[in-house]
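Chemist: Once you know that position 127 of the sequence shown is 127 in full-length UniProt numbering, the rest is easy, because the numbers rise by one and skip nothing.
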Amino acid sequence: MKTARIIFLFPLAFLRLVLILLISGYVVVVGWFWLQLKGFSMPLQNWAMRTWGKSILFVCGIKVDKNELPDNSHFILMPNHRSYIDIFIVAAFTPAAFVAKAELKNWPFLKTGAKITNTIFVSRAELQSLVATMNKIKKSVNNHIPVALFPEGTTSKGPLTKSFKNGSFKIAADTKIPVIPMAIHFEDENDAWIDDDTFVGHFFRQMSKPVTKATVRYGKPLSNSDYKVLQKETRNQIDSMLNAILSGTG
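1) Going by DSSP, what residue range makes up the beta strand (DSSP E) through residue 42?
2) Going straight from the alpha carbon of residue 204 to that of residue 30, what length do you get?
3) Would you call the segment 204-222 and the segment 59-69 touching, i.e. three or more CB-CB distances under 8 Å?
4) On the DSSP letters alone, give me the boundaries of the alpha helix (DSSP H) that residue 215 sits inside.
5) How long is the line joining the alpha carbons of residue 83 and residue 186, rounded to whole angstroms?
6) State the DSSP-derived secondary structure class of residue 144, mapped to helix, strand or coil.
7) How many whole angstroms separate the CB atoms of residue 88 and residue 53, which I take to be in contact at a CB cut-off of 8 Å?
8) Could you give the first and the last residue of the continuous alpha helix (DSSP H) run that contains residue 185?
9) Is it right to say residue 42 is buried, meaning 16 or more other beta carbons lie within 10 angstroms of its own, or is it exposed?
10) Let me make sure I understand the geometry here. Which of 95, 107, 106, 147 has the alpha-carbon closest to that of residue 120?
11) Grouping DSSP H, G and I as helix and E and B as strand, with all else coil, what is residue 63?
12) Closer than 6 Å by C-beta to residue 237: which residues in its own chain qualify, once you throw out the five before and the five after it? Chain order, please.
13) For residue 134, name the three-state secondary structure that DSSP assigns.
14) For residue 79, which of helix, strand or coil comes out of DSSP?
15) Could you give the DSSP three-state label for residue 121: helix, strand or coil?
16) Taking just the CA atoms, how far does residue 36 sit from residue 1?
17) Whole angstroms is fine: what's the gap from residue 12's alpha carbon to residue 225's?
18) Going along the chain, which residues of its own chain have a beta-carbon closer than 7 Å to the beta-carbon of residue 161, five neighbours each way excluded?
19) Taking the CB atoms as reference points, tell me whether residue 137 and residue 184 lie closer together than 7 Å.
20) Rounded to the nearest angstrom, how far is the Cβ of residue 94 from that of residue 77, given a contact under 8 Å?
21) So residue 241 and residue 17 are supposed to be a Cβ contact under 8 Å. How far apart are they, rounded?
22) Are residue 59 and residue 113 closer than 7 Å when you measure CB to CB?
23) What do you reckon, are the CB atoms on residue 123 and residue 102 nearer than 7 Å?
24) Roughly how many angstroms separate the alpha carbons of residue 71 and residue 189, rounded to a whole number?
25) In three-state terms, what does DSSP make of residue 204?
26) With DSSP as the reference, label residue 222 as helix, strand or coil.
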């Protein structure tokens, strides 16, 4: 029955793929002209991320229940990670700059999109050097563009978080940039993209669903010069918010 439903709704998934590409193309083209006329600015980055994220959530039938993000652009956002859908959600409601591998910088379409959205590219050598990455993140935040880092480093089905990597918290502790924990929960646990599931297979199953429901909760800003304490406090706060969502109290 489930397979039959996916086959029946396959045209919906294909239509959504086309719309995602059209939305992305529109944002890149308009952003490119903006760059030529006025150069890069925070309003451009905010417009691009929000337009891209909210439009994709809308056409893909992704409904998000959320609380309000603290009114401040000086922070590092740390969400738990379930799926590529998390990126659309962060873009729509934060919107923050992402960190990506430097190899992607040479892709023509992505290159322009990265300039518009202030994507932070990190080379393999820089991945081994927290100082280089730290300076790029600090520069973005000081320009009032927050940065999003997924501390788990991979996706999981949940219901709570997996262990966190140290690097993100060393950066936050050393730069003294506050961390805002973010909890993301999908009503259907199968919305998570995990393990050996291919992107194409998961995408077409996911986008064949008429509606996807997600809950987002932003936590309180956290600061600590001890990265281990900051890591523990962030994970505890995210897990606490996820538990509250699961129990219907948050």
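The C-beta atom is built at its ideal place from N, Cα and C for all residues, glycine as well.
Modeler: On the basis of the supplied data:
1) On the sequence shown, position 42 is the one that residue 42 refers to. For residue 42, no beta strand (DSSP E) encloses it; the enclosing alpha helix (DSSP H) starts and ends at 42-59.
2) On the sequence shown, residue 204 is found 204 positions in, with the first residue counted as 1. On the sequence shown, residue 30 is found 30 positions in, with the first residue counted as 1. Residue 204 and residue 30 have their alpha carbons spaced roughly 28 Å apart.
3) Using a Cβ-Cβ distance cut-off of 8 Å, the segment 204-222 and the segment 59-69 are in contact, since at least three pairs of beta carbons, one from each stretch, lie closer than that value.
4) For this step, residue 215 is matched to residue 215 along the sequence shown. Per DSSP, residue 215 lies in no alpha helix (DSSP H); the unbroken beta strand (DSSP E) holding it starts and ends at 212-218.
5) Residue mapping note: residue 83 aligns to position 83 of the sequence shown, counting from 1. Residue mapping note: residue 186 aligns to position 186 of the sequence shown, counting from 1. Each residue's alpha carbon lies about 10 Å from the other.
6) Stepping through the sequence shown from its first residue, residue 144 is reached at position 144. Correct three-state label for residue 144: coil.
7) In the sequence shown, the residue the question calls residue 88 occupies position 88. In the sequence shown, the residue the question calls residue 53 occupies position 53. Rounded, the Cβ-Cβ distance is 5 Å, consistent with contact.
8) Within the sequence shown, numbered from 1, the residue matching residue 185 stands at position 185. Going by DSSP, residue 185 is part of no alpha helix (DSSP H) but of the beta strand (DSSP E) stretching over 179-186.
9) Here residue 42 is taken as the residue at index 42 of the sequence shown, counted from 1. Residue burial annotation: residue 42 is exposed, with fewer than 16 other C-beta atoms found within 10 angstroms of its C-beta.
10) For the purposes of this step, residue 120 is taken as residue 120 along the sequence shown, with counting starting at 1. Ranking 95, 107, 106, 147 by Cα distance to residue 120 puts 147 first.
11) Walking along the sequence shown from the start, residue 63 turns up at place 63. In this structure, DSSP gives residue 63 an extended state, which the three-state scheme calls strand.
12) Position 237 of the sequence shown, counted from the first residue, corresponds to residue 237. Cβ neighbours of residue 237 beyond the five flanking positions: 181, 219.
13) Within the sequence shown, residue 134 is the residue found at index 134, counting from 1. Residue 134 carries a helical assignment under DSSP once its states are collapsed to helix, strand and coil.
14) As a first step, residue 79 is located in the sequence shown; it is residue number 79 there, counting from the start. In this structure, residue 79 counts as strand in the three-state DSSP scheme.
15) Looking up residue 121 in the sequence shown gives position 121. Residue 121 falls in the strand class under three-state DSSP.
16) Your numbering for residue 1 matches position 1 in the sequence shown. Your numbering for residue 36 matches position 36 in the sequence shown. Legend: pLDDT at residue 1 = 47, less than 50; position of this residue unreliable, no value from coordinates given.
17) The residue you call residue 12 lines up with position 12 of the sequence shown. The residue you call residue 225 lines up with position 225 of the sequence shown. In a straight line, the C-alpha of residue 12 is about 49 Å away from that of residue 225.
18) The residue you call residue 161 lines up with position 161 of the sequence shown. Same-chain partners within the cutoff: 80, 152, 235, 238, 239.
19) On the sequence shown, position 137 is the one that residue 137 refers to. On the sequence shown, position 184 is the one that residue 184 refers to. Against a cut-off of 7 Å, the Cβ pair of residue 184 and residue 137 comes out as no contact.
20) On the sequence shown, position 94 is the one that residue 94 refers to. On the sequence shown, position 77 is the one that residue 77 refers to. 6 Å between Cβ atoms; contact.
21) Mapped onto the sequence shown, residue 241 falls at position 241. Mapped onto the sequence shown, residue 17 falls at position 17. Incorrect: roughly 32 Å between the Cβ atoms, too far for contact.
22) One-based indexing of the sequence shown puts residue 59 at position 59. One-based indexing of the sequence shown puts residue 113 at position 113. Contact: no.
23) Position 123 of the sequence shown, counting from 1, holds the residue named residue 123. Position 102 of the sequence shown, counting from 1, holds the residue named residue 102. Taking 7 Å as the Cβ cut-off, residue 123 and residue 102 qualify as a contacting pair.
24) Your numbering for residue 71 matches position 71 in the sequence shown. Your numbering for residue 189 matches position 189 in the sequence shown. In this structure, the CA atom of residue 71 is about 31 Å from the CA atom of residue 189.
25) If you number the sequence shown from 1, residue 204 lands on position 204. Of the three classes helix, strand and coil, the one that applies to residue 204 here is helix, per DSSP.
26) Here the question's residue 222 lines up with position 222 in the sequence shown. Three-state result, residue 222: strand.
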